[in-house]
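Peer 1: Sharing a structure here in structure tokens format.
Residue numbers (this note's numbering): 227 to 442.
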């Protein structure tokens, strides 16, 4: 199961500006972790409750008022993202039995538009930091099974605790994202653009990446 519909390949150090422009072109989306609100009457899985209770006792694990559990593996620097920001993260998601249900080295997420537990965790992170988080089902997908849209198979059973290893690579404000989107519109609309809709005056490496993203 993929938690993002935007395939983003690993990037080399120092290429974040290129990546943000590319993300604006692709129209940022976090479909998999997008929160639509899941409701149901089934009881929480006892195994998950016991797991979280035991995990809370481990050194370095902080349990918030909501029930989210977070551990700082490597501290980052600077302020943390806000609900209106878009965060760029690397992550690996697993279930309590170790099953990997998704991973991505560079994925953009609107902080306020993902499942509550992931949103809360992002707002506690700093750029360059590495974290491990445990999201109770009530802060994740709730009691409903989540299926792989390609196979139809259950990828995340209802009531599951979601475990993520997360690194916060960067984040941008809504204003900055809107500026990147304007640049993307210029590319697609031909404003101040050269051959193929690519704006003139861009550094060669950025121009090349944009051509690749546009399939030129």
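Using N, Cα and C, we set each Cβ at its ideal position, and we do this for glycine too.
Assign residue 309 to buried or exposed, taking buried as 16 or more other Cβ atoms, counted over all protein chains shown, within 10 Å of its Cβ.
Peer 2: The sequence position of residue 309 within the chain shown is 83, counting from 1. So residue 309 counts as exposed.
Peer 1: When DSSP labels each residue in this structure, what does residue 339 get in the three-state scheme?
Peer 2: As a working mapping, residue 339 is identified with position 113 in the chain shown. Of the three classes helix, strand and coil, the one that applies to residue 339 here is helix, per DSSP.
Peer 1: Quick one: is residue 371 buried, meaning 16 or more other Cβ sit within 10 Å of its Cβ, or exposed?
Peer 2: In the chain shown, residue 371 corresponds to position 145, counting from 1. Under this definition residue 371 is an exposed residue.
Peer 1: Name, in chain order, the residues that DSSP records as bridge partners for residue 397.
Peer 2: Counting from 1 along the chain shown, the entry for residue 397 is found at position 171. DSSP output for residue 397 lists 313 as bridge partner(s).
Peer 1: Less than 9 Å separating the beta-carbons of residue 387 and residue 279?
Peer 2: Locating residue 387 in the chain shown gives position 161, counting from the first residue. Locating residue 279 in the chain shown gives position 53, counting from the first residue. For residue 387 and residue 279, no; Cβs fall outside 9 Å.
Peer 1: What is the rounded straight-line gap between the Cα of residue 284 and the Cα of residue 411?
Peer 2: Taking the chain shown and counting its residues from 1, one reaches residue 284 at position 58. Taking the chain shown and counting its residues from 1, one reaches residue 411 at position 185. Going by the C-alpha atoms only, they are around 49 Å apart.
Peer 1: On the DSSP letters alone, give me the boundaries of the beta strand (DSSP E) that residue 277 sits inside.
Peer 2: Taking the chain shown and counting its residues from 1, the one referred to as residue 277 is at position 51. Per DSSP, residue 277 belongs to no beta strand (DSSP E); it is in the alpha helix (DSSP H), 272–281.
Peer 1: Given a cut-off of 9 Å on the beta-carbon distance, is the pair residue 302 and residue 356 in contact?
Peer 2: Residue mapping note: residue 302 aligns to position 76 of the chain shown, counting from 1. Residue mapping note: residue 356 aligns to position 130 of the chain shown, counting from 1. Yes, they are a contact pair.
Peer 1: Using a 10 Å radius around the Cβ and a threshold of 16 neighbouring Cβ atoms, would you call residue 375 buried or exposed?
Peer 2: What you label residue 375 is simply residue 149 of the chain shown in a count that begins at 1. Exposed, because fewer than 16 other Cβ atoms sit within 10 Å of the Cβ of residue 375.
Peer 1: Would you report the Cα separation of residue 404 and residue 342, rounded to the nearest angstrom?
Peer 2: The residue given as residue 404 occupies position 178 in the chain shown. The residue given as residue 342 occupies position 116 in the chain shown. C-alpha separation (whole angstroms): 24 Å.
Peer 1: Can you tell me where the beta strand (DSSP E) with residue 299 in it begins and where it stops?
Peer 2: Counting from 1 along the chain shown, the entry for residue 299 is found at position 73. Run containing residue 299: 295–300, per the beta strand (DSSP E) assignment.
Peer 1: One question on the structure: do residue 382 and residue 327 come within less than 9 Å of each other, judged by their Cβ atoms?
Peer 2: What you label residue 382 is simply residue 156 of the chain shown in a count that begins at 1. What you label residue 327 is simply residue 101 of the chain shown in a count that begins at 1. Yes, they are a contact pair.
Peer 1: Between residue 380 and residue 315, which are expected to be in contact by the criterion C-beta below 8 Å, what is the C-beta distance as a whole number of angstroms?
Peer 2: For this step, residue 380 is matched to residue 154 along the chain shown. For this step, residue 315 is matched to residue 89 along the chain shown. Their Cβ separation, rounded to whole angstroms, is 25 Å, which puts residue 380 and residue 315 out of contact at 8 Å.
Peer 1: Nearest-angstrom Cα distance between residue 398 and residue 312?
Peer 2: As a first step, residue 398 must be located in the chain shown, where it is residue number 172. As a first step, residue 312 must be located in the chain shown, where it is residue number 86. Each residue's alpha carbon lies about 5 Å from the other.
Peer 1: Let me confirm a value: residue 209 is counted as buried when at least 16 other C-beta atoms fall within 10 Å, else exposed. Which label applies?
Peer 2: What the structure shows of the chain is the stretch from 227 to 442, and residue 209 is not part of that stretch, so it cannot be assessed.
Peer 1: Ends of the beta strand (DSSP E) at residue 380?
Peer 2: The count along the chain shown starts at 1 and reaches residue 380 at position 154. Residue 380 -> beta strand (DSSP E) spans 380–382.
Peer 1: For residue 305, which residues from the same chain have a beta carbon less than 8 Å from its beta carbon, with the 5 sequence-adjacent residues on both sides left out?
Peer 2: One-based indexing of the chain shown puts residue 305 at position 79. Hits under 8 Å: 352.
Peer 1: Spell out the partners DSSP gives residue 330 in its beta bridges.
Peer 2: Position 104 of the chain shown, counting from 1, holds the residue named residue 330. 317.
Peer 1: By the three-class DSSP mapping on this structure, what secondary structure does residue 403 have?
Peer 2: Residue numbering aside, residue 403 sits at position 177 when the chain shown is read from its first letter. In the structure shown, residue 403 sits in a helix (DSSP, three-state: H, G or I).
Peer 1: Who are residue 370's beta bridge partners in DSSP?
Peer 2: Reading the chain shown from its first residue, position 144 is the one you call residue 370. In DSSP, residue 370 forms no bridge with anything.
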